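Peer 1: Here it is, the structure in full.
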Amino acid sequence: MNRLTTSWGEFPLTRFPEDPRDSLRAWDASDEYLLRHLAETDTDLSGAVAVVGDRWGALTTALAARRPAALTQICDSYLGRRATEENLARSGAAPDAVTLLTTQDPPPERVDVLLVRVPKSLALLEDQLHRLAPAVHEGTVVVGTGMVKEIHTSTLQLFEKILGPTRTSLAAKKARLIFCTPEPALERAANPWPYRYELPADAAVVAGRTVTNQAGIFCADRLDIGTRFFLQHLPTGLGRARVADLGCGNGVVGLAVALTEPEAELVFADESYQAVASAEENFRTHAAPGRTAEFVVGDGLADLAPGSVDLVLNNPPFHSHQATTDRTARRMFTDARRALRPGGELWVVGNRHLGYHVTLRRIFGSCELVASDPKFVVLRAVKQSGGQGRKAAGQAAAPAAPRGQRAPR
10 MNRLTTSWGE FPLTRFPEDP RDSLRAWDAS DEYLLRHLAE TDTDLSGAVA
60 VVGDRWGALT TALAARRPAA LTQICDSYLG RRATEENLAR SGAAPDAVTL
110 LTTQDPPPER VDVLLVRVPK SLALLEDQLH RLAPAVHEGT VVVGTGMVKE
160 IHTSTLQLFE KILGPTRTSL AAKKARLIFC TPEPALERAA NPWPYRYELP
210 ADAAVVAGRT VTNQAGIFCA DRLDIGTRFF LQHLPTGLGR ARVADLGCGN
260 GVVGLAVALT EPEAELVFAD ESYQAVASAE ENFRTHAAPG RTAEFVVGDG
310 LADLAPGSVD LVLNNPPFHS HQATTDRTAR RMFTDARRAL RPGGELWVVG
360 NRHLGYHVTL RRIFGSCELV ASDPKFVVLR AVKQSGGQGR KAAGQAAAPA
410 APRGQRAPR
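Residue numbers (our numbering): 10 to 418.
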């Protein structure tokens, strides 16, 4: 376990879920830079402090040691929220030391110190600054932080247009700070989020429908080409199958199943509160009247009972913040295998070069190519009946069920 050393103490921090094999820390140089700046300038933290976009709770945990009158964290990530809870408990913080809000919750009515960890999504930053602007007053201290590669001219322009004049610090360890002087009387445009657009003609059964997208979800202003390809090759004839749209984003994949499979039971799951809110609104808008579904913000399918799902559909991310990695995909595939009943199927779409077929064979013991084009593949893996774990390398896989059909219960 790594320890973050600050002027206010030393804090043992981990990401969530904790994995002893994971060498990635729960903070970076930009978190250290911001905490050092607050200590060196003796910033008054006795009022209402709001922390936005704290990825794993490092900022919130350190600030809790200063015991401000009101400390609020605003986070879109379920995993980030859970990491914060565990890091706070590990540091000995009181249970009521921090108010944990999601990006879907009403923001605080007043903020005296606003600290912003610049997110990967410029749209999410825009949405959150708009939502927090009414709470900011002339004396509010506003400081943003991020790695140099994360802070662009467009980032600074958002602070300028929504809150007030903005400047940056010198870089330190490839991190930079953003200083903003609030102007409460500033005339600002309306918040453009959530954003709505019409799905293109090649989006299969959902083509032409208008979808709603909260800020921060993947490809919030258009349908990404991977999902578009997936929609053209989804399984059919599902009957009363329980189907999980894992990493659902705005939910168009699960919605397509709901429209073509009237008896299927749908579960939409994502670790983003913004994503699940988008998926739920799109389902309510376009699914048949009276049609129900389950919407889960959580750690993949961890909240579902083992062996309780017939089919998992997944378009996994291959980025974790700024890092390109298949770590999230591997966790999703393993999670799907646990949730699937014997004979259940995982269908995955991904870029050809990512080599998901190798990972799926390792986890499921088999993998079948369903469809491909020059850029994408759709893969199908079946949970072997009676299988208790991963198949050994080189072990023959059992024959897969016919494509697009469920094996009998």
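The beta carbon of each residue, even a glycine, is placed where N, CA and C say it ideally should be. Bear in mind that the values here come from a model prediction, so they are computed numbers and not experimental data.
Kindly identify the DSSP beta-bridge partner or partners of Leu363.
Peer 2: The residue given as residue 363 occupies position 354 in the sequence shown. Its beta-bridge partners do not exist; DSSP assigns none.
Peer 1: Using only the alpha-carbon positions, how far apart do Phe59 and Pro117 sit?
Peer 2: Your numbering for residue 59 matches position 50 in the sequence shown. Your numbering for residue 117 matches position 108 in the sequence shown. As written in the sequence, residue 59 is Ala, which differs from the Phe given in the question. Their backbone Cα atoms lie some 8 Å apart in a straight line.
Peer 1: Going by alpha carbons, who is nearest to Val214 out of Asn200, Leu243 and Val127?
Peer 2: One-based indexing of the sequence shown puts residue 214 at position 205. Taking only the C-alpha atoms, the option nearest Val214 is Leu243.
Peer 1: Pairing CB atoms from the stretch 65-73 with CB atoms from the stretch 199-217, are three or more of them under 8 Å?
Peer 2: These segments do not touch.
Peer 1: CB-CB under 6 Å to Glu108, same chain, minus the five flanking residues each way: which ones, in chain order?
Peer 2: Within the sequence shown, the letter at position 99 stands for residue 108. Sequence check: residue 108 is Thr here, not Glu. Excluding positions up to five away in sequence, the list reads Thr81.
Peer 1: Thr301: buried (16+ other C-beta within 10 angstroms of its C-beta) or exposed?
Peer 2: Here residue 301 refers to the residue found at position 292 when the sequence shown is read from its first residue. By the 10 Å Cβ count, Thr301 comes out exposed.
Peer 1: Under 7 Å Cβ to Cβ from Asp312, same chain only, skipping five residues before and after it: list those, please.
Peer 2: Within the sequence shown, the letter at position 303 stands for residue 312. Contacts found: Val305.
Peer 1: Between the alpha carbons of Ala132 and Arg218, how many angstroms are there, rounded?
Peer 2: The residue you call residue 132 lines up with position 123 of the sequence shown. The residue you call residue 218 lines up with position 209 of the sequence shown. Approximately 22 Å, taken between the alpha carbons.
Peer 1: What's the gap between the Cα of Ser317 and the Cα of Val391?
Peer 2: The residue you call residue 317 lines up with position 308 of the sequence shown. The residue you call residue 391 lines up with position 382 of the sequence shown. Straight-line Cα distance between these residues: approximately 15 Å.
Peer 1: Would you call Thr149 buried or exposed, if buried means 16 or more other Cβ atoms sit within 10 Å of its Cβ?
Peer 2: In the sequence shown, residue 149 corresponds to position 140, counting from 1. Thr149 comes out buried.
Peer 1: Using a Cβ distance threshold of 8 Å, determine whether the stretch 182-193 contacts the stretch 220-232, with at least three qualifying pairs required.
Peer 2: Judged by Cβ distances under 8 Å, the stretch 182-193 makes no contact with the stretch 220-232, as fewer than three pairs qualify.
Peer 1: Can you round the beta-carbon distance between Arg12 and Pro26 to whole angstroms, since I take them to be within the 8 Å contact cut?
Peer 2: For the purposes of this step, residue 12 is taken as residue 3 along the sequence shown, with counting starting at 1. For the purposes of this step, residue 26 is taken as residue 17 along the sequence shown, with counting starting at 1. So it is not a contact: roughly 19 Å between Cβ atoms.
Peer 1: What residue from Glu49, Leu349 and Tyr204 has the CA that sits closest to Ala286's CA?
Peer 2: For this step, residue 286 is matched to residue 277 along the sequence shown. Considering only alpha carbons, the answer is Tyr204.
Peer 1: I'd like to know whether the C-beta atoms of Ala67 and Trp17 end up nearer to each other than 8 Å.
Peer 2: Mapped onto the sequence shown, residue 67 falls at position 58. Mapped onto the sequence shown, residue 17 falls at position 8. No, Cβ-Cβ distance for Ala67 and Trp17 is not below 8 Å.
Peer 1: I want to know whether the stretch 154-161 touches the stretch 122-142 - three or more CB-CB distances under 8 Å.
Peer 2: Verdict: yes, contact present.
Peer 1: Does Pro351 come out as helix, strand or coil in the three-state DSSP assignment?
Peer 2: On the sequence shown, position 342 is the one that residue 351 refers to. The answer is strand: DSSP assigns Pro351 an E or B state.
Peer 1: Using 8 Å for Cβ pairs, my map puts Ser86 next to Ser281. What's the rounded Cβ distance?
Peer 2: Locating residue 86 in the sequence shown gives position 77, where the first residue counts as 1. Locating residue 281 in the sequence shown gives position 272, where the first residue counts as 1. Indeed, because the Cβ distance is near 7 Å, the residues count as touching under 8 Å.
Peer 1: In angstroms with no decimal places, state the Cα-to-Cα distance between Ala142 and Val386.
Peer 2: For the purposes of this step, residue 142 is identified with residue 133 of the sequence shown, where counting begins at 1. For the purposes of this step, residue 386 is identified with residue 377 of the sequence shown, where counting begins at 1. Cα-Cα distance, rounded: 44 Å.
Peer 1: Under three-state DSSP, which class holds Thr52?
Peer 2: Sequence index remark: in the sequence shown, residue 52 carries index 43 (1-based). In the structure shown, Thr52 sits in coil (DSSP, three-state: anything other than H, G, I, E or B).
Peer 1: If I measure Cβ to Cβ from Gly359 and keep anything under 6 Å in the same chain, skipping five residues before and after, which residues do I get?
Peer 2: Walking along the sequence shown from the start, residue 359 turns up at place 350. If we look at Gly359 and ignore the five residues flanking it on each side, its Cβ neighbours are Tyr365.
Peer 1: Does the stretch 254-269 come close enough to the stretch 290-298 that 3 or more CB-CB pairs lie under 8 Å?
Peer 2: Yes, they touch.
Peer 1: For the beta strand (DSSP E) that contains Glu19, what are its first and last residues?
Peer 2: Your numbering for residue 19 matches position 10 in the sequence shown. Element bounds for Glu19: Gly18 to Leu22.
Peer 1: Looking at the structure shown, is Met341 part of a helix, part of a strand, or coil, going by DSSP?
Peer 2: The residue labelled residue 341 in the question sits at position 332 within the sequence shown. It is helical.
Peer 1: Of all the options Gly56, Thr269 and Glu94, which has the alpha carbon lying nearest to the alpha carbon of Ala79?
Peer 2: Your numbering for residue 79 matches position 70 in the sequence shown. Comparing Cα-Cα distances from Ala79 to each of Gly56, Thr269 and Glu94, the minimum goes to Gly56.
Peer 1: From Arg24 to Gly89, what distance separates their C-alpha atoms?
Peer 2: Sequence index remark: in the sequence shown, residue 24 carries index 15 (1-based). Sequence index remark: in the sequence shown, residue 89 carries index 80 (1-based). When rounded, the distance between both Cα atoms is 8 Å.
Peer 1: For Asp136, does the three-state DSSP call read helix, strand or coil?
Peer 2: Mapped onto the sequence shown, residue 136 falls at position 127. In this structure, Asp136 counts as helix in the three-state DSSP scheme.
Peer 1: Closest Cβ-Cβ distance between Ala229 and chain D: below 8 Å?
Peer 2: The structure shown has no chain D; it contains just one protein chain.
Peer 1: Ignore the nearest five residues each way along the sequence and tell me which others in Glu147's own chain have a CB closer than 7 Å to its CB.
Peer 2: Position 138 of the sequence shown, counted from the start, is the residue given in the question as residue 147. Answer for Glu147: Pro191 and Pro193, listed in chain order.
Peer 1: Name the one or two DSSP bridge partners that Ala278 has.
Peer 2: The sequence position of residue 278 within the sequence shown is 269, counting from 1. Looking at the DSSP assignment, Ala278 forms a beta bridge with Leu255 and Val305.
Peer 1: CB-CB under 7 Å to Thr52, same chain, minus the five flanking residues each way: which ones, in chain order?
Peer 2: For the purposes of this step, residue 52 is taken as the residue at position 43 of the sequence shown. Closer than 7 Å at the Cβ level, and outside the excluded window around Thr52, lie Val122 and Val150.
Peer 1: Tell me which same chain residues have a C-beta within less than 6 Å of the C-beta of Ala181, skipping the five on either side of it?
Peer 2: Residue numbering aside, residue 181 sits at position 172 when the sequence shown is read from its first letter. For Ala181, where only same-chain residues beyond five positions count, the Cβ hits under 6 Å are Tyr42.
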